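Q: Number 542 in my numbering belongs to position 451 of the sequence shown; there are no gaps in the numbering.
My structure is below; once you've seen it, I'll send some questions.
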Amino acid sequence: MADPLLFNPRTYDPAHFDAETRRLLRATVDWFETRGKRKLIEDYRSRAWLADFLEFSAKEGLFATFLTPAAAAAGQADKRWDTARIAALNEIFGFYGLDYWYAWQVTILGLGPVWQSDNAAARTRAAELLSQGEVFAFGLSEKTHGADIYSTDMLLEPTGDGGFRATGSKYYIGNGNAAGLVSVFGRRTDVEGPDGYVFFAADSRHEAYHLVKNVVDSSKYVSEFRLDDYPVAPEDVLHTGRAAFDAALNTVNVGKFNLCTASIGICEHAMYEAVTHAHNRILYGRPVTAFPHVRRELTDAYVRLVGMKLFSDRAVDYFRTAGPDDRRYLLFNPMTKMKVTTEGEKVIDLMWDVIAAKGFEKDTYFAQAATEIRGLPKLEGTVHVNLALILKFMGNHLLNPAEYAPVPTRLDAADDAFLFQQGPARGLGSIRFHDWRGAYDAYAHVPNIGRFREQADALCAFVTTAAPGEEQSRDLDLLLAVGQLFALVVHGQLILEQAALTGVEEDVLDELFAVLVRDFSSYAVELHGKDSATEQQQSWALGAVRRPVVDEARSARVWERVEALSGAYEMAP
Numbered sequence: 092m093a094d095p096l097l098f099n100p101r102t103y104d105p106a107h108f109d110a111e112t113r114r115l116l117r118a119t120v121d122w123f124e125t126r127g128k129r130k131l132i133e134d135y136r137s138r139a140w141l142a143d144f145l146e147f148s149a150k151e152g153l154f155a156t157f158l159t160p161a162a163a164a165a166g167q168a169d170k171r172w173d174t175a176r177i178a179a180l181n182e183i184f185g186f187y188g189l190d191y192w193y194a195w196q197v198t199i200l201g202l203g204p205v206w207q208s209d210n211a212a213a214r215t216r217a218a219e220l221l222s223q224g225e226v227f228a229f230g231l232s233e234k235t236h237g238a239d240i241y242s243t244d245m246l247l248e249p250t251g252d253g254g255f256r257a258t259g260s261k262y263y264i265g266n267g268n269a270a271g272l273v274s275v276f277g278r279r280t281d282v283e284g285p286d287g288y289v290f291f292a293a294d295s296r297h298e299a300y301h302l303v304k305n306v307v308d309s310s311k312y313v314s315e316f317r318l319d320d321y322p323v324a325p326e327d328v329l330h331t332g333r334a335a336f337d338a339a340l341n342t343v344n345v346g347k348f349n350l351c352t353a354s355i356g357i358c359e360h361a362m363y364e365a366v367t368h369a370h371n372r373i374l375y376g377r378p379v380t381a382f383p384h385v386r387r388e389l390t391d392a393y394v395r396l397v398g399m400k401l402f403s404d405r406a407v408d409y410f411r412t413a414g415p416d417d418r419r420y421l422l423f424n425p426m427t428k429m430k431v432t433t434e435g436e437k438v439i440d441l442m443w444d445v446i447a448a449k450g451f452e453k454d455t456y457f458a459q460a461a462t463e464i465r466g467l468p469k470l471e472g473t474v475h476v477n478l479a480l481i482l483k484f485m486g487n488h489l490l491n492p493a494e495y496a497p498v499p500t501r502l503d504a505a506d507d508a509f510l511f512q513q514g515p516a517r518g519l520g521s522i523r524f525h526d527w528r529g530a531y532d533a534y535a536h537v538p539n540i541g542r543f544r545e546q547a548d549a550l551c552a553f554v555t556t557a558a559p560g561e562e563q564s565r566d567l568d569l570l571l572a573v574g575q576l577f578a579l580v581v582h583g584q585l586i587l588e589q590a591a592l593t594g595v596e597e598d599v600l601d602e603l604f605a606v607l608v609r610d611f612s613s614y615a616v617e618l619h620g621k622d623s624a625t626e627q628q629q630s631w632a633l634g635a636v637r638r639p640v641v642d643e644a645r646s647a648r649v650w651e652r653v654e655a656l657s658g659a660y661e662m663a664p
């Protein structure tokens, strides 16, 4: 019997979606399964461009259906920007290979500035290109400055007719080899400061667009390109001034979310392989899974993966109910990017410790999973950047709750229009949240949730009595340790909210929170050891250490769920 908490292509039936969404999701799974594991791995190893996949997508209208907002859909009812089904497709792409997800993800980023633009001609053009099966690119980062948009060297010289001539280079730009439209960020030569920013649409096939190279050794085409006196017509201009700056950040807000569900898909496929291998390998006359340390590692990997899914599924609801007066998604977004993707690394590492050399073999999915899982925490901002962003919300989230109407599960076929109407990218410190304690109170009777709640309450005491002072606030190394502690509280909150909505078994939650109690203790010890930690902070840190509640019978029941994954899925050859 398939585990209801994990994606399994053999039993996958997204019945909670509308008919066309179900058809497209199932058609995508069937395309990969028909193609088979041997071809999947061969293309990954040979670094083949994804032409056949993009041909399939164009034929089925996959990208066009999922990535065209209703406002640009010309009345076609199945087209909308629906974060729930986008998340489902992310998971499928991650399950079969991050190269496929990357072409899709970069298309999402490239579309962000277009769908936020008031330029009706550009939006119409983008919708037409999508319907033709084209991919898109996001021309933001540069070789010298990275994604430091304050320092862009893409220069636009006005031509006097509302247009420009653009000259400069961009680096690390996915799909730059094939994009029908590249959203490019630059600055005017005649205007200083933020009022000089410009976002414009470029065509990778134009003679003034020069593709330099693929900067990575992969099927992902992560390009360097250069524009030399590229003509930017008035109808190519997407945003100017501060609106261009906001469009850049708001696009990342939309695209950053996709990394969590891609990470989940990678871990799910790898877990089927790892458990099946370990359970069927005999060592010293016993299955490898008979050893207690192996059971612990695989069980920890399983419950961490379940936590990743529960958090990400619940975060979808906050994205879909967001509006000018509810911007809680701006915390949960970097959480999915930072916390879920780093949890994915831990899941892979735990399984790799079990299967050891098997994880290197060229005929496994696991070999690519172990490589690709590393990339996700490093895209759309590093872990450090996202932790620093998360910290901006800590005071209000922990100590200053506000009243909100309950957020329901959002799987309805609705267009998430607000994501392209986010407005100015500022004011994060003023965002309020509902009381996080309610999610924990509902499970106070579960031993390790109660134990973790003690640690969460201790963090509130830390913020009010031992928070970093003015000088320490410049010590990012210490602040990041605090950020990890806060992130755990938020992680647990949304896990429990989703568990309550979906009826997850309390055994699984108890085992998961035993892991989170250990994590909190580990980060507290790390804080204790920081060079600048005060005596008061050191004392607090050791006082926040807790031992999880041990229950051998509970752990054995959860292990049975893990053991049942052996043979539950293997990709068609």
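In this text, a Cβ means the ideal position worked out from N, Cα and C, and glycines have one as well.
Just so we're clear, the structure is a prediction, and the values are computed from it rather than from any experiment.
Just to confirm the assignment: which complete beta strand (DSSP E) runs, minimum length 3, are found wholly within the region 268 to 298?
A: List check, beta strand (DSSP E) in window: 272 to 279 and 288 to 293.
Q: By a C-beta neighbour count over all protein chains shown, 10 Å radius and 16 as the cutoff for buried, is L374 buried or exposed?
A: Counting from 1 along the sequence shown, the entry for residue 374 is found at position 283. Per the 10 Å Cβ criterion, exposed.
Q: Just checking my contact of L246 with R278 at CB under 8 Å: how many whole Å lie between their CB atoms?
A: Taking the sequence shown and counting its residues from 1, the one referred to as residue 246 is at position 155. Taking the sequence shown and counting its residues from 1, the one referred to as residue 278 is at position 187. Rounded, the Cβ-Cβ distance is 7 Å, consistent with contact.
Q: Can you tell me whether DSSP reads N305 as helix, strand or coil?
A: Translated into the one-based positions of the sequence shown, residue 305 becomes position 214. Reduced to three states, the DSSP call for N305 is strand.
Q: Considering Cα atoms alone, identify which of A460, K453, D454 and K430 is closest to W443.
A: In the sequence shown, residue 443 corresponds to position 352, counting from 1. W443 has its Cα closest to that of A460, out of A460, K453, D454 and K430.
Q: With 16 other CB atoms within 10 Å as the buried threshold, where does R411 fall?
A: One-based indexing of the sequence shown puts residue 411 at position 320. Buried: at least 16 other Cβ atoms inside 10 Å.
Q: To which residues of the same chain is F665 closer than 7 Å at the C-beta, ignoring the five residues directly before and after it?
A: The requested residue 665 does not occur in the structure, where the chain is confined to residues 92 to 664.
Q: Could you have a look at R317 and say whether DSSP puts it in helix, strand or coil?
A: Start at 1 with the first residue of the sequence shown, and residue 317 comes out as number 226. DSSP places R317 in strand when its eight states are reduced to three.
Q: Which residues bound the alpha helix (DSSP H) around S354?
A: As a first step, residue 354 must be located in the sequence shown, where it is residue number 263. Here the alpha helix (DSSP H) through S354 covers N349 to N371.
Q: Just list the residues that DSSP pairs E233 with in beta bridges.
A: Position 142 of the sequence shown holds residue 233. G237, per the DSSP bridge assignment.
Q: Could you check the C-alpha separation between I481 and K437 for me, to the nearest Å?
A: As a working note, residue 481 is residue 390 in the sequence shown. As a working note, residue 437 is residue 346 in the sequence shown. For I481 and K437, the distance between alpha carbons rounds to 20 Å.
Q: Quick one: grab the DSSP three-state call for L570.
A: Taking the first residue of the sequence shown as position 1, residue 570 is located at position 479. Helix.
Q: In terms of residues, what are the limits of the alpha helix (DSSP H) holding T699?
A: Nothing can be reported for residue 699, as the shown portion of the chain is limited to 92 through 664.
Q: Any contact between the region 316 to 332 and the region 202 to 216? By contact I mean 3 or more CB pairs, one from each, below 8 Å.
A: Short answer: they touch.
Q: Cβ atoms of N305 and S314: under 8 Å apart, would you say?
A: As a first step, residue 314 is located in the sequence shown; it is residue number 223 there, counting from the start. As a first step, residue 305 is located in the sequence shown; it is residue number 214 there, counting from the start. It is a contact, given that the beta carbons lie within the stated cut-off.
Q: Considering only DSSP beta bridges, list what Y300 is partnered with.
A: Along the sequence shown, read from residue 1 onward, the residue named residue 300 stands at position 209. For Y300, which the question treats as bridged, DSSP gives the partners L318.
Q: DSSP beta-bridge partners for I264?
A: Here residue 264 refers to the residue found at position 173 when the sequence shown is read from its first residue. The partner list for I264 (beta bridge, DSSP) reads S314.
Q: Which of the three DSSP states is assigned to H536 in this structure?
A: Residue numbering aside, residue 536 sits at position 445 when the sequence shown is read from its first letter. Coil at H536, not helix or strand.
Q: At the level of alpha carbons, what is the spacing between M399 and T390?
A: What you label residue 399 is simply residue 308 of the sequence shown in a count that begins at 1. What you label residue 390 is simply residue 299 of the sequence shown in a count that begins at 1. The alpha-carbon atoms of M399 and T390 are separated by roughly 14 Å.
Q: Do you know how far the Cα of Y660 is from the Cα of D454?
A: Numbered from 1 along the sequence shown, position 363 holds the residue referred to as residue 454. Numbered from 1 along the sequence shown, position 569 holds the residue referred to as residue 660. Those two C-alpha atoms are separated by around 16 Å.
Q: Measuring alpha carbon to alpha carbon, tell me which of A663, D598 and D281 ends up nearest V641.
A: Here residue 641 is taken as the residue at index 550 of the sequence shown, counted from 1. Residue D598 is the option with its Cα nearest to V641.
Q: Does the region 496 to 505 touch the region 559 to 579, meaning 3 or more C-beta pairs lie closer than 8 Å?
A: The answer is no - the region 496 to 505 does not touch the region 559 to 579, with fewer than three Cβ pairs under 8 Å.
Q: Could you tell me the distance, in whole angstroms, from the CA atom of A508 to the CA atom of S148?
A: The residue you call residue 508 lines up with position 417 of the sequence shown. The residue you call residue 148 lines up with position 57 of the sequence shown. In a straight line, the C-alpha of A508 is about 24 Å away from that of S148.
Q: Can you tell me whether L618 is buried or exposed? The criterion is at least 16 other CB atoms within 10 Å of its CB, across all chains shown.
A: Reading the sequence shown from its first residue, position 527 is the one you call residue 618. That one is buried.
Q: Within its chain, find whatever has a CB closer than 8 Å to the CB of V537; leave out the 5 residues flanking it on each side and keep chain order.
A: In the sequence shown, counting from the first residue as 1, residue 537 sits at position 446. Counting only Cβ-Cβ distances below 8 Å, and skipping sequence neighbours, we find E597, L600, D601 and F604.
Q: How big is the Cα-Cα spacing for S403 and L180?
A: Mapped onto the sequence shown, residue 403 falls at position 312. Mapped onto the sequence shown, residue 180 falls at position 89. Taking the straight line joining both Cα atoms gives about 13 Å.
Q: Would you call the region 164 to 175 in contact with the region 121 to 136, where contact means no fewer than 3 C-beta pairs closer than 8 Å?
A: With a cut-off of 8 Å, the region 121 to 136 and the region 164 to 175 do not count as touching, because too few Cβ pairs lie within range.
Q: Output the distance between the C-alpha atoms of R553 and Q223, rounded to the nearest integer angstrom.
A: Position 462 of the sequence shown, counting from 1, holds the residue named residue 553. Position 132 of the sequence shown, counting from 1, holds the residue named residue 223. Position check: residue 553 holds Phe in this sequence, whereas Arg was assumed. Near 55 Å, if we compare the C-alpha coordinates of Q223 and F553.
Q: What first and last residue would you give for the alpha helix (DSSP H) that runs through T102?
A: As a working mapping, residue 102 is identified with position 11 in the sequence shown. Here T102 belongs to no alpha helix (DSSP H), and DSSP marks it neither H nor E.
Q: With respect to the alpha helix (DSSP H) encompassing V608, which residues constitute its N-terminal and C-terminal limits?
A: Position 517 of the sequence shown, counted from the first residue, corresponds to residue 608. E597 to H619 is the extent of the alpha helix (DSSP H) around V608.
Q: Leaving out five residues on either side along the sequence, give the residues of the same chain with a beta carbon under 8 Å from the beta carbon of R117.
A: Here residue 117 refers to the residue found at position 26 when the sequence shown is read from its first residue. Within the same chain, R117 has close Cβ partners Y103, D104 and P105.
Q: Hey, is the region 331 to 347 in contact with the region 377 to 394, meaning 3+ C-beta pairs nearer than 8 Å?
A: The answer is no - the region 377 to 394 does not touch the region 331 to 347, with fewer than three Cβ pairs under 8 Å.
Q: Name the residue from K428, T156 and R101 whose alpha carbon lies nearest to the alpha carbon of A110.
A: As a working note, residue 110 is residue 19 in the sequence shown. The candidate whose alpha carbon is nearest that of A110 is T156.
Q: Between G675 and L189, is the Cβ-Cβ spacing less than 8 Å?
A: With the chain covering only 92 through 664, there is no way to say anything about residue 675.
Q: Between the region 239 to 254 and the region 194 to 203, are three or more C-beta pairs nearer than 8 Å?
A: As far as the Cβ criterion goes, the region 239 to 254 does not touch the region 194 to 203, which means the pair count is below three.
Q: By the DSSP assignment, the beta strand (DSSP E) with V328 in it spans what residues?
A: The residue you call residue 328 lines up with position 237 of the sequence shown. Note, V328: beta strand (DSSP E), V328 to T331.
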